[in-house]
Amino acid sequence: MTPNETEAAFFIENGAAKLHEPAVMAQTLLAKGVRGVVLKLGSRGAYLASAAGLGARLEPFKVQAVDTTAAGDAFNGAFATALLMKKDPVESARFAAAAAALSVTRPGAQTSMPRMAEVEQMLAGAGANEL
Numbered sequence: 001m002t003p004n005e006t007e008a009a010f011f012i013e014n015g016a017a018k019l020h021e022p023a024v025m026a027q028t029l030l031a032k033g034v035r036g037v038v039l040k041l042g043s044r045g046a047y048l049a050s051a052a053g054l055g056a057r058l059e060p061f062k063v064q065a066v067d068t069t070a071a072g073d074a075f076n077g078a079f080a081t082a083l084l085m086k087k088d089p090v091e092s093a094r095f096a097a098a099a100a101a102l103s104v105t106r107p108g109a110q111t112s113m114p115r116m117a118e119v120e121q122m123l124a125g126a127g128a129n130e131l
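Start counting the sequence shown at 1; every next residue gets the next number (UniProt numbering).
This is the structure we're talking about:
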């Protein structure tokens, strides 16, 4: 499950849950039977948790955002791609965070989606403004 904080609060069925720490929100979703959670925190990164005991906070990539329209879609697509590439969940989320960070530096939705090489450059340390 890859909700943002608003979506997670809806599934938790408690509007006050938005005020909780990401780890608390993720653990609450796990207690409801979800096997894995990647809680998207926007400019604050992401939090991963699993029923197998994973709990990890991912710091965000620092970029100058232009349009956040497709950030969640970029994240979800890249996360699925990375998992299919046999990356572990934390590596996959980092890959997804890089893709999402790149996507917000461009206007539009489909036109903002980064190419694989751009994501790999971002992960290697090149900033979005250098691509």
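All C-beta atoms in this analysis are idealised placements derived from N, C-alpha and C, irrespective of residue type, glycine included. Please read all numbers here as calculations on a predicted model, not as lab measurements.
- Taking a contact as a CB-CB distance under 8 angstroms, the pair THR69 and ALA101 does not count as one, their CB atoms being some 14 angstroms apart.
- In this structure the segment 30-37 does not touch the segment 71-86; the number of beta carbon pairs closer than 8 angstroms is below three.
- For ARG44, the three-state secondary structure derived from DSSP is helix.
- Only residues of its own chain outside the window of five on either side were considered, and among them TYR47 have a CB closer than 6 angstroms to the CB of ARG57, listed in chain order.
- With respect to the 9 angstroms criterion, PHE11 and MET1 are classified as neighbours on the basis of their beta carbons.
- The residue among ASN4, ASP73, SER50 with its C-alpha nearest the C-alpha of ARG44 is ASN4.
- Of the candidates THR28, MET25, HIS20, LEU54, LEU54 places its Cα closest to the Cα of GLU91.
- Looking at the backbone, the Cα of MET85 and that of PHE61 are separated by about 22 angstroms.
- Here DSSP, grouped into helix, strand and coil, assigns ARG94 to helix.
- Of the candidates SER112, GLN121, VAL104, GLU21, VAL104 places its Cα closest to the Cα of VAL66.
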